[in-house]
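Q: Chains as they are written, first to last, in the numbering used here: chain A, 332 to 617; chain B, 70 to 385; chain C, 191 to 601; chain D, 1405 to 1656. Sharing a structure here in structure tokens format.
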Amino acid sequence: MLQTAFNGLVTGIIVALPALAVTLLFGVLKFANFAVGAMMTVAAYMVYALNTELDWPMLPATVAAAVAFGFMCILMDLVTFKPLRERGGLTLMVASLGLGFVLENVARLAYGNAARSYAMDLARPFRFMDIRMNREQMIAFVVATLAMAVMYVLLTRMPIGRAMRAVADNPALAQVRGIDSAAIIRWTWFIAGMLLAVGGVLIGMDRAIEPPMGASYLIPVFAAAILGGLGSPLGAFVGALLIGIVSEMATLVIPPNYRIGIPLLVIAAILIFRPQGLFGQAHIRR
Amino acid sequence: MIEFIVLMGIVVCFSGILALALNFQWGLGGMVNFGLAGFYALGAYSCALLMLKGGFNTFFAALGAMVIVGAVCGLVAFVTLRVTEEDYFAIVTLGVGEMLRLVALNEDWLTKGALGLTGIPRPLGATIPPTSYPYFMLALSIALVIACLWALNRLSRSPFGRVVRAVREDDVVAATLGKNVLWARVRIFAIGGVLIGLAGSLHAFYYQYIDPTQFSTIVIAYAFMAVIAGGRGAHLGTVLGAAVVMLLLEGSRFAKELVPLEADQLAAVRIIIIGVGLILLLIYRPHGFLREYRLQATLKEERPEPQPNTPKEAAT
Amino acid sequence: MKAKGFTRRNALKLLGAAAATPLTAPFLNLAHAQGATIPIGVALPMTGNAGAYGPDMGEAAKRTAERINKAGGILGGRKLELFIEDSESSASVAANLSQKFINVHRCQSLVGYWGTPEGMASRPIAIQNKVVLMVSSAANAITEGGSDGYVWRFQMKATDWGIVISRATEKLGFKSFGVMGLQNAFVLPIMRVFEERMTAGGRKVMDSLVYNPEQPSYRAEVERIFGKKPEAVYCFGLLPDFVSIIREVYRGGFDSKVVALSIMADAEGKFVQAVGPQVAEGIRHFQPMPDVSAPGYKRFLQLMGAPADRVLLFPPNTHDQIAMTALAMEKAKSPMAVDWSKQMIPVGNGPGEAVDDVLAGLEQLRSGKSINFQGAGSICDFTPNGDQLGRGMGQWIIKGGKQVFVEYARP
Amino acid sequence: MSEIFRVEGLHAGYGAGDILKGVDLRVEEGTVVTIIGPNGSGKSTLVKTLAGLLRARQGDILLKGTSIRELSPPQRVHAGISYVPQEYNVFRNLTVLENLKIAREFMSGGRAKGPVVSDELVALFPELPSRFKALAGNLSGGQRQMLAFACALAVKPGLLIMDEPSAGLSPKYMTDIFDCIRKVNGTGVSVLMVEQNAIEALRISDECIVMATGRVRMCSPAASVLEMPDLQTLYLGDAATGQEPWASKSAA
């Protein structure tokens, strides 16, 4: 029982980073980015290339890939989303679907379908009050909590973070307060890209690296972002943990292969009873 | 060779009807349906099961499938749209689509799970000899496509059609005009569902065997590509879009000799082309090859329709 | 029915673009197909969840056909022409391919068809068009319901897998079991037979569940099955899901023995490469396999240029499919399936002189003798409804990252 | 006095038609100029265009003689123009202090020195320090207007443009707002504002501009306009003759 709750926490932690990225992107750019899954896949393969082909240890490989992927996201935004900036959330969403197909299949083109894993030897678990924790899960906890702390400080203490929240709150006013929205959008994509890269690595470590790995996380990630209140980063983190725990605990009751239904039920419930999510502010649509 | 073209013609027809459904839901009604594959599977399985288990003949089975998918779509729209904007709607349809596919995969007692349903009868399958059946089916499919086009065109020109477009332009404005927005959206999505049910039934009749692998996310990619290429909102354009997408895909299968890629890379490249094409068309040809139907004819009585997407305050 | 916005110029531009697509390409080489060559359609999964198995099978078919063509082809010098296509592990794509093979390339023999959905979707098409369909998928339904001799299986029936694995398990002496299966057409019959025989034999199946392909994680499944600490856990599925499950098992510190299928625990070496020898240590796996001692298999290894100890599981099937097509056509003296489909059993089962080289077989048929072809993948004996007899199953255990052969057993 | 701001032949609008059909106006340094006119005369469109939120289609906008037509809104802020929109003029999901911090950090283009909230600002807006931690969205209408005003002054601007600062305010806050404007102007900041409250606004203004149907119809000292007998007719047009009162006077 306790182990299942812990497993839920682990699933939640892995969902947290991409959920954070989705919330950030939705806050500033006002559209649900359906390419997040494929973006994580591409980043995971970049780290795989550095790790196995160039024999970099995991940490430098992940850091380098994260920074590189941040810039790649800025480029992808310029090419795909910037020309559509004025066309409303729906068009952007469909464009992100197209981008998702492209990215997943670029990974498939380069590395084929076989499941692969990083060159790090698996370790037997630590035992702690009859809960089993393995090394990857520990790393995931540390990395995700660290990322959340950095994000919290950035968004509340640093000018860049405040500016991002300002643009999310009221883009026109932000301009008139001297904020260069284009720069803030670049920053948002860069940070979201780094979060997605680390998220992709955590999935790759937890499970295996294969082209559809990112896509299988789409529904839980969106559920977490919505549960937390789209636009509220803290909400996304808590939402992710809740989604993780609820779906793992549910497997004690329902057959495990319907587990994907849980995040869906959560989304439906949230949309009906509390659309702005747990922490989000009701969106004022001008 | 002719027979293969006839068979591909049939596939284009029911892919076209599926694209028409998406076009109606998204292109006209402004509601993005990312669960298309799941609803499509629901249509095909309902039709097959009504025949195999329910004993209905092909006509009533197809009718039943259309009603079922229409009702489910209406229910999803009703539950989800009562509260929120359409961004969340896409996410919910994604989830519902995935759930429907899972049910088809896991409920062996009903759908025989991964083994799929085989021996699905076809309209007049018994009376028409197999060798000339494809020609009959092509004629039937083309007739159905024309019927759908005719019905959708009449619907677009009717008052309900104007409500549909008003809802897409800006549902707040539409609400203020007294149109019951929620009810309009539920009906829009349900009518789209009916078309999906028809396309699903034709799929089942054509392949005579259905299993979960036939309803993967690639179906969604092809449908969106067809709608965007054909020009959102333009019914005939959407069908032509579906034809072009199908020719591109089947054509690329023939192109194996021309393309130096290995087979497994060719499949990946094909989807990359679809993805890139989707984005480029959205940017450079937002109206696809054919303009959305305009009410120029009735200019005299009413002031002309507003531009489809007048740029709101230029914020940059 | 001219819609307002649909100008003629747009229409021509659109149709012009459509016609210019490579659709025109096949017309060029269609002309000479009628006369000289004999077209054979080969549908194999190069992508999708079974994408790992297609490429090698395609290579085997290509080399077999080349070898026959080099030796003068069949039916008085006509060459075999293969059309190898990717079925994308999808039933609808496979069905469209089958239509294309029959209607465009005029094939009378469709081979490959690794996955059950692809085989099931193509079955009605082949029977209606009186064309032979040779599959290498295991689900029983493929050969059920009568096929007028047009559907042949080059693989062991799923239920037979269950029988052989159960009998071997009795020898291994495990007392309590957990069972995990991928939601897949050929897995379920194996699981059912295995569980029936185990409980019949008084052994205890503690828990059994089915999971979906491409799940975000398999933690809950592993926790539920391995958590009950059965002596051994039997896993039936494919490579991607098994890699995730085994990593979860190792990192979870579970110590039940793991038994699986070779398509999961070997997959031409991809499994050990993905999880590493340490994690793969001690995993036992079964798979219908060619009789490695058979001369036909040894000659096939040379044809493929593969090292002697390497065990190729599926490529021998496509080799046998091409070989049987050529031999049956030669015996029936006609490329039309309606004729040579009746020669499948005489050529495969005999009576006649046992032959394990397709070229030798062709020579003897030309000189009027009857043969009993012994293929690379199996002895190629069939039942009237198309099932293949005499297939054996190999058992391996992974030691130090190497596949150590244990025993070969027949149902 | 030298001229700080000039607009020549400005054309702008949303979508197809032009709402501004050739606007010309000047603001002398250190003065307060109020623009009045009936609804739909293009007042709000004008200030949005001056702030850069709307592209100018024709004509030019000059700050201290140099054209700022090509500058983006942030660049215009760094050049010294502060703009207070009529509504949605604060970041509701951020705290009062954060609103001020953003204004300070970004309006100065990084040149801001000294404390976030200068004493001068606290003097002008005594109520704010007590509500620093509160979310701007939770403030009352008047307090929000004050905050918006304070943010616009976080970095001393050359010209302050305001879009109906007194809209929707209780009388107490209305007098406070105009009081503040007068004090701010006292410190050398020129002010250009659009106002419905003509009388209150003109009392503290030097110049009055009357706009109608997208053009400046009249420009004259605020005092003389105040003395005009029937200010309403000026505002709503002469009901009887249907003729605009300024028709007779040629635009200044």
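All C-beta atoms in this analysis are idealised placements derived from N, C-alpha and C, irrespective of residue type, glycine included.
Kindly say whether B:Met70, judged by its beta-carbon, lies nearer than 8 Å to any beta-carbon of chain C.
A: Numbered from 1 along the second sequence, position 1 holds the residue referred to as residue 70 of chain B. For B:Met70, the answer is yes, since a Cβ of chain C falls inside 8 Å of its Cβ.
Q: Taking only beta-carbon atoms, is C:Tyr243 less than 8 Å away from chain A?
A: Taking the third sequence and counting its residues from 1, the one referred to as residue 243 of chain C is at position 53. Cβ-Cβ to chain A under 8 Å: no for C:Tyr243.
Q: Assign C:Pro229 to one of three DSSP states: helix, strand, or coil.
A: In the third sequence, counting from the first residue as 1, residue 229 of chain C sits at position 39. The answer is strand: DSSP assigns C:Pro229 an E or B state.
Q: Which class does C:Met479 belong to by DSSP, given the choice of helix, strand or coil?
A: The count along the third sequence starts at 1 and reaches residue 479 of chain C at position 289. Of the three classes helix, strand and coil, the one that applies to C:Met479 here is strand, per DSSP.
Q: Contact criterion: CB-CB distance below 8 Å. Does C:Ala226 meet it with respect to chain B?
A: Looking up residue 226 of chain C in the third sequence gives position 36. It does not: the Cβ of C:Ala226 has no partner Cβ on chain B nearer than 8 Å.
Q: If the criterion is Cβ atoms closer than 8 Å, does the pair D:Val1436 and D:Ile1608 meet it?
A: Looking up residue 1436 of chain D in the fourth sequence gives position 32. Looking up residue 1608 of chain D in the fourth sequence gives position 204. Cβ distance < 8 Å, so D:Val1436 and D:Ile1608 count as in contact.
Q: Are the C-beta atoms of C:Gly466 and some chain A residue less than 8 Å apart?
A: For the purposes of this step, residue 466 of chain C is taken as the residue at position 276 of the third sequence. Interface residue, yes.
Q: Between which two residues does the beta strand (DSSP E) containing C:Cys425 stretch?
A: Translated into the one-based positions of the third sequence, residue 425 of chain C becomes position 235. First-last of the beta strand (DSSP E) with C:Cys425: Ala422 to Phe426.
Q: State the Cα-Cα distance for the pair B:Val313 and B:Ala295, rounded to the nearest angstrom.
A: For the purposes of this step, residue 313 of chain B is identified with residue 244 of the second sequence, where counting begins at 1. For the purposes of this step, residue 295 of chain B is identified with residue 226 of the second sequence, where counting begins at 1. When rounded, the distance between both Cα atoms is 8 Å.
Q: What is the residue span of the beta strand (DSSP E) that D:Phe1529 lies within?
A: The count along the fourth sequence starts at 1 and reaches residue 1529 of chain D at position 125. Where D:Phe1529 is concerned, there is no enclosing beta strand (DSSP E), given that its DSSP letter is neither H nor E.
Q: Which residues, taken in chain order from the segment 335-359 of chain B, show a beta carbon closer than 7 Å to some beta carbon of chain A?
A: Contact annotation: in the segment 335-359 of chain B, residues whose CB is within less than 7 Å of a CB in chain A are Ala337, Val338, Ile340, Ile341, Ile343, Gly344, Val345, Leu347, Ile348, Leu351 and Ile352.
Q: When Cβ atoms are compared, which residues of the segment 145-172 of chain B fall closer than 8 Å to chain A?
A: Val148, Thr149, Arg151, Val152, Thr153, Glu154, Glu155, Asp156, Tyr157, Ala159, Ile160, Val161, Leu163, Gly164, Val165, Glu167, Met168 and Leu171
Q: Can a CB atom of chain A be found closer than 8 Å to the CB of B:Gly99?
A: The residue you call residue 99 of chain B lines up with position 30 of the second sequence. It does: the Cβ of B:Gly99 has a partner Cβ on chain A nearer than 8 Å.
Q: Should C:Gln373 be flagged as near chain B, meaning a C-beta pair shorter than 8 Å?
A: Your numbering for residue 373 of chain C matches position 183 in the third sequence. So, interface residue.
Q: Apply the 10 Å Cβ neighbour rule to D:Ala1540 and answer buried if 16 or more other Cβ atoms are within range, or exposed otherwise.
A: On the fourth sequence, residue 1540 of chain D is found 136 positions in, with the first residue counted as 1. Label assigned to D:Ala1540: buried.
Q: Ordered along the chain, which non-local residues of its own chain (more than five positions away) have a Cβ less than 7 Å from that of C:Ala464?
A: Within the third sequence, numbered from 1, the residue matching residue 464 of chain C stands at position 274. Excluding positions up to five away in sequence, the list reads Val433.
Q: Taking DSSP as the reference, what is the three-state secondary structure of B:Leu364?
A: In the second sequence, residue 364 of chain B corresponds to position 295, counting from 1. With a pLDDT of 41 at B:Leu364, under the threshold of 50, the predicted position of this residue should be treated as unreliable, though the coordinate-derived value follows. Coil, per DSSP.
Q: What did DSSP end up calling C:Asp571 once you bin it into helix, strand or coil?
A: Reading the third sequence from its first residue, position 381 is the one you call residue 571 of chain C. Strand.
Q: With DSSP collapsed to three states, give me the class of C:Leu517.
A: For this step, residue 517 of chain C is matched to residue 327 along the third sequence. DSSP places C:Leu517 in helix when its eight states are reduced to three.
Q: How do the segment 364-372 of chain C and the segment 331-350 of chain C stand: do at least 3 beta-carbon pairs fall below 8 Å, yes or no?
A: Proximity of the segment 364-372 of chain C to the segment 331-350 of chain C falls short of the contact definition, fewer than three beta-carbon pairs being nearer than 8 Å.
Q: Quick check: the Cα distance between B:Ala253 and A:Thr342, rounded to an integer number of angstroms?
A: For the purposes of this step, residue 253 of chain B is taken as the residue at position 184 of the second sequence. For the purposes of this step, residue 342 of chain A is taken as the residue at position 11 of the first sequence. The straight-line gap from Cα to Cα measures roughly 40 Å.
Q: Who are the neighbours of B:Ala290 on chain A, taking C-beta pairs under 7 Å?
A: Looking up residue 290 of chain B in the second sequence gives position 221. The contacting residues are Phe432.
Q: Beta-carbon of C:Lys290 versus every beta-carbon of chain B: anything under 8 Å?
A: As a working note, residue 290 of chain C is residue 100 in the third sequence. With 8 Å as the cut-off, C:Lys290 counts as an interface residue toward chain B.
Q: So what does C:Trp586 bridge to, in DSSP terms?
A: The residue you call residue 586 of chain C lines up with position 396 of the third sequence. C:His475 and C:Phe595.
Q: Alpha carbon to alpha carbon, how far is B:Met168 from D:Phe1529? Give it in angstroms, no decimals.
A: Start at 1 with the first residue of the fourth sequence, and residue 1529 of chain D comes out as number 125. Start at 1 with the first residue of the second sequence, and residue 168 of chain B comes out as number 99. Taking the straight line joining both Cα atoms gives about 57 Å.
Q: Which residue's Cα is closest to the Cα of A:Ser578: A:Ile598, A:Val394 and A:Asn364?
A: By 1-based counting over the first sequence, the position of residue 578 of chain A is 247. Comparing Cα-Cα distances from A:Ser578 to each of A:Ile598, A:Val394 and A:Asn364, the minimum goes to A:Ile598.
Q: Here's a check: name, in chain order, each residue in its chain whose Cβ is nearer than 7 Å to the Cβ of C:Asp338, leaving out the five neighbours to either side.
A: Start at 1 with the first residue of the third sequence, and residue 338 of chain C comes out as number 148. Correct list, in chain order: Ile317.
Q: Using CA coordinates, which residue listed in A:Asp500, A:Val367 and A:Ala350 is at the minimum distance from A:Leu428?
A: For the purposes of this step, residue 428 of chain A is taken as the residue at position 97 of the first sequence. Checking every option, the nearest Cα to that of A:Leu428 belongs to A:Val367.
Q: Looking at C-beta atoms only, is the number of pairs between the segment 539-554 of chain A and the segment 436-452 of chain A that lie closer than 8 Å three or more?
A: yes
Q: Three or more C-beta pairs under 8 Å: does that hold for the segment 496-511 of chain A against the segment 476-485 of chain C?
A: no
Q: Would B:Phe293 pass as an interface residue toward chain A - the criterion being a Cβ-Cβ separation below 8 Å?
A: By 1-based counting over the second sequence, the position of residue 293 of chain B is 224. Closer than 8 Å to some Cβ of chain A, the Cβ of B:Phe293 qualifies, so yes.
Q: From the DSSP output, which residues share a beta bridge with C:Gln578?
A: The sequence position of residue 578 of chain C within the third sequence is 388, counting from 1. In the DSSP output, where bridge partners are listed per residue, C:Gln578 has C:Phe572.
Q: Going by CA-CA distance only, name the one from D:Gly1590, D:Glu1502, D:Gly1444 and D:Pro1569 that's closest to D:Ala1605.
A: Taking the fourth sequence and counting its residues from 1, one reaches residue 1605 of chain D at position 201. The shortest Cα separation from D:Ala1605 among D:Gly1590, D:Glu1502, D:Gly1444 and D:Pro1569 belongs to D:Pro1569.
Q: Closest to A:Ala395 by CA distance: which of A:Met451, A:Leu595 and A:Gly524 is it?
A: Start at 1 with the first residue of the first sequence, and residue 395 of chain A comes out as number 64. For the residues A:Met451, A:Leu595 and A:Gly524, the minimum Cα distance to A:Ala395 belongs to A:Gly524.
Q: Please confirm if C:His222 has its CB atom under 8 Å from at least one CB of chain B.
A: By one-based count along the third sequence, residue 222 of chain C stands at place 32. Here the model assigns C:His222 a pLDDT of 41, short of 50, so the residue's position is not dependable and the matter cannot be decided.
Q: Within 10 angstroms of the Cβ of A:Arg508, are there 16 or more other Cβ atoms? Answer buried if so, exposed if not.
A: As a working note, residue 508 of chain A is residue 177 in the first sequence. In summary, A:Arg508 is buried, with 16 or more beta-carbon neighbours lying within 10 Å of its beta-carbon over all protein chains present.
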